[in-house]
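This report concerns only the one structure given below.
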Amino acid sequence: MIVDTHTHLRAPIQGVAQNGRKNIYGVADERIDGYLAGFEENGVDACWVFPLEGFRADTFALEEMESLARVCGRYPNRLFPFATIPPMWPEKKVCEMIERAIGELGFFGLKFVNICQGVSLANPSMDLIAREAIRFDVPVFLHDGSPEYCSAIQVVYYARKHPELRVVSGHGGLREFWPEFIDGVRELPNLQICLSGPTQWGIQKLYDELGPDRLMFGSDGGIGSHAITRAYLRRLARLEASEEDRRKIMGTNGMRFLFGEDWENVMAEKKSMARTSNPGE
Amino acid sequence: MAVLPGVPIVDAHVYLGEGYHLSFGVEDLLEQMDEAGVERAVVCPVDRFVAVHNREGNDLVLEAVRSHGDRLSGMAAVNPWFEGEAVDEVRRALGEGLAGLFVHSVYQGFRLDDHIVDPLLEAVAEFDVPVYVHTGTAAQAEPFQAAELARRFPGLNFIMGHGGSSDYGEDAVRALEFAPNLWLETSRNGPANYNLWRVKELTSRVVFGSSAPEYISAVEIEILADVFASREEREAIFSKNIETVFKGRLRP
Numbered sequence: 000m001i002v003d004t005h006t007h008l009r010a011p012i013q014g015v016a017q018n019g020r021k022n023i024y025g026v027a028d029e030r031i032d033g034y035l036a037g038f039e040e041n042g043v044d045a046c047w048v049f050p051l052e053g054f055r056a057d058t059f060a061l062e063e064m065e066s067l068a069r070v071c072g073r074y075p076n077r078l079f080p081f082a083t084i085p086p087m088w089p090e091k092k093v094c095e096m097i098e099r100a101i102g103e104l105g106f107f108g109l110k111f112v113n114i115c116q117g118v119s120l121a122n123p124s125m126d127l128i129a130r131e132a133i134r135f136d137v138p139v140f141l142h143d144g145s146p147e148y149c150s151a152i153q154v155v156y157y158a159r160k161h162p163e164l165r166v167v168s169g170h171g172g173l174r175e176f177w178p179e180f181i182d183g184v185r186e187l188p189n190l191q192i193c194l195s196g197p198t199q200w201g202i203q204k205l206y207d208e209l210g211p212d213r214l215m216f217g218s219d220g221g222i223g224s225h226a227i228t229r230a231y232l233r234r235l236a237r238l239e240a241s242e243e244d245r246r247k248i249m250g251t252n253g254m255r256f257l258f259g260e261d262w263e264n265v266m267a268e269k270k271s272m273a274r275t276s277n278p279g280e
Numbered sequence: 000m001a002v003l004p005g006v007p008i009v010d011a012h013v014y015l016g017e018g019y020h021l022s023f024g025v026e027d028l029l030e031q032m033d034e035a036g037v038e039r040a041v042v043c044p045v046d047r048f049v050a051v052h053n054r055e056g057n058d059l060v061l062e063a064v065r066s067h068g069d070r071l072s073g074m075a076a077v078n079p080w081f082e083g084e085a086v087d088e089v090r091r092a093l094g095e096g097l098a099g100l101f102v103h104s105v106y107q108g109f110r111l112d113d114h115i116v117d118p119l120l121e122a123v124a125e126f127d128v129p130v131y132v133h134t135g136t137a138a139q140a141e142p143f144q145a146a147e148l149a150r151r152f153p154g155l156n157f158i159m160g161h162g163g164s165s166d167y168g169e170d171a172v173r174a175l176e177f178a179p180n181l182w183l184e185t186s187r188n189g190p191a192n193y194n195l196w197r198v199k200e201l202t203s204r205v206v207f208g209s210s211a212p213e214y215i216s217a218v219e220i221e222i223l224a225d226v227f228a229s230r231e232e233r234e235a236i237f238s239k240n241i242e243t244v245f246k247g248r249l250r251p
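In structure tokens form, the structure reads like this:
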């Protein structure tokens, strides 16, 4: 089983062009059909799904969240959406939006790209988000590796500040800062690493130092080129690890992190739900 | 490796030596090159040799280049904080056969565009060989800082190491507008930035580098080939552009 714990999906938003809106890499983002085809082509069974526009344009955040819920709701056993909330919105509004995302729409966690959302992980607004995420028992997934708002060490200290919050580093510190997670993960049981970012050498070192249980495959794919996902699949294929450890990193860790030890039964239920909503599934 | 049959693949950036962060021996390097079908690689010394033990590192690279002249070219590393001694050392290393200068302002402790590096670049200009500068580290080694050096020394060719890497993708592209003597090196990137470079029609300004042992050459070549699909593009990135950067003096 392959679970990509870091993907983005362009869900339809009124006023934002579909099939033609280019992302920062100069490539048109895909709609759900292309997104799913890409992951099927690469043998990916399930994805954690994050939005796109809401990180950069907070006016789209709410509508994008609703749209993402509708799209992912059709694939309950394959797509596990996370919501973003503009951290600097008023406290009441932030709390209402989290209530809507987690309590009503059933999102699986919250995702932030603080370098885009303009606020450091040490800002009190992120403490409010931690408080609410703990209340709903969902993880916070963070873009990281980008000074000055969300470097690796800032993620470590966010996890240290909120020991009851489950924190995921979305890029494992990117190319430069992955070594900071070795000490951080050893100390903090609430910190998990998605491997979409470190060098091949860094991925191997993280595995050698930390073992398999805190590491998860992720590609940052879904945003226009299927080659993005394939790149990290190729790199992970060269990880020197036992088959059992590889299975954990490539898939079961991502499932266990979301659904606990009972994840296989949860998935069986979700598959049944999918058959009901999509007879072809 | 069948991405470019009949054309020699050159890896513009690999490391050599036993360092604090990275370690890679000549035999391991050659094995990786063979697996990837890489004909020649440009070797730089690893971390501790870049920061402090410059002469030791340069001798290590020189020895590798002399022993495997048919496969390896080399770059010298000197820390500008050693001032006059650094200038003497870069002249010695280039005079003895190294083919460029490797600058890593993070390991060497300065802002990439700090004028502290100027005396070294003036010495390099005497030999008319290229300069590889590490980029991708915020504030200390950014793409526009690489462009500053390239503009300050328009007669020298510069390789923007790691092509700015990851989040600096757009900066790297913009930096090239201002410095025709600046090329992007591919390591520490992936298909997202490769697509951007392709869309911006920069294929003639890109050189393949694996940064081995940070990455596995054969894997990275496949990843590049996923994006750069035509023979013309591959020939430019894997083989032709690097010859331009070295002004035909890549091989001994």
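For the protein sequence lines, the chains are A and B, in the order given.
When the letters of the first sequence are read in order and numbered with numbering that gives the first Met the number 0, they come out as residues 0 to 280.
When the letters of the second sequence are read in order and numbered with numbering that gives the first Met the number 0, they come out as residues 0 to 251.
For glycine and all other residues, C-beta sits at the position ideal for the given N, C-alpha and C.
With respect to the 8 Å criterion, residue 109 of chain B and residue 43 of chain B are not classified as neighbours on the basis of their beta carbons. Sequence-distant Cβ neighbours of residue 45 of chain B in its own chain, meaning closer than 6 Å and more than five residues away, are 14, 16, 18 and 21. Per DSSP, residue 131 of chain B is one residue of the beta strand (DSSP E) stretching across 130-133. Contact check for residue 137 of chain A against residue 108 of chain A passes: the beta carbons are separated by less than 8 Å.
Between the region 242-261 of chain A and the region 133-152 of chain B, the count of C-beta pairs closer than 8 Å stays below three; the two stretches do not touch. Using a 10 angstroms sphere on the CB of residue 203 of chain B, the tally of other CB atoms stays under 16, which defines it as exposed. Under the three-state reduction of DSSP output, residue 220 of chain A falls in the strand class. Residue pairing by DSSP places residue 82 of chain A opposite A:109 in a beta bridge. Using beta-carbon distances, residue 195 of chain B counts as an interface residue toward chain A, with a partner under 8 Å.
Note on residue 202 of chain A: 16 or more other CB atoms within 10 angstroms of its CB, so buried under the neighbour-count rule.
Chain order gives the chain B residues near residue 224 of chain A as 190, 191, 193, 194, 225 and 226, where near means a beta carbon separation below 9 Å.
Within the region 17-92 of chain A, the complete beta strand (DSSP E) segments at least 3 residues long are 45-49 and 78-80, listed from N- to C-terminus. Using a Cβ-Cβ cut-off of 8 Å, residue 44 of chain B does not count as an interface residue toward chain A, since no Cβ of chain A sits closer than that to its own. Ranked by how close their Cα comes to the Cα of residue 29 of chain A, the residues A:58, A:246 and A:10 have A:10 in first place. About 16 Å separates the Cβ atoms of residue 132 of chain A and residue 143 of chain A, ruling out a contact at the 8 Å cut-off. Only those residues of the region 129-147 of chain B whose C-beta falls short of 7 Å from the nearest C-beta of chain A are listed: 135, 136 and 137. Pairing residue 218 of chain B with residue 35 of chain B, the inter-Cα distance amounts to about 8 Å. Approximately 12 Å separates the beta-carbon atoms of residue 226 of chain B and residue 201 of chain B; this is outside 8 Å, ruling out the contact. Contact holds between the region 189-207 of chain A and the region 225-236 of chain A, because three or more Cβ pairs, one in each stretch, are under 8 Å apart. Here the alpha carbon of residue 124 of chain A sits roughly 55 Å from the alpha carbon of residue 64 of chain B. In this structure residue 93 of chain B touches residue 126 of chain B by the C-beta definition: roughly 5 Å separates them, less than 8 Å.
Boundaries around residue 14 of chain B are those of the beta strand (DSSP E), 8-17, since no alpha helix (DSSP H) includes it. Within the DSSP secondary-structure output, residue 23 of chain B pairs in a beta bridge with B:16. The DSSP-derived three-state label of residue 160 of chain B is strand. Shown here is that no member of the region 115-131 of chain A has a Cβ falling below 7 Å from a Cβ of chain B.
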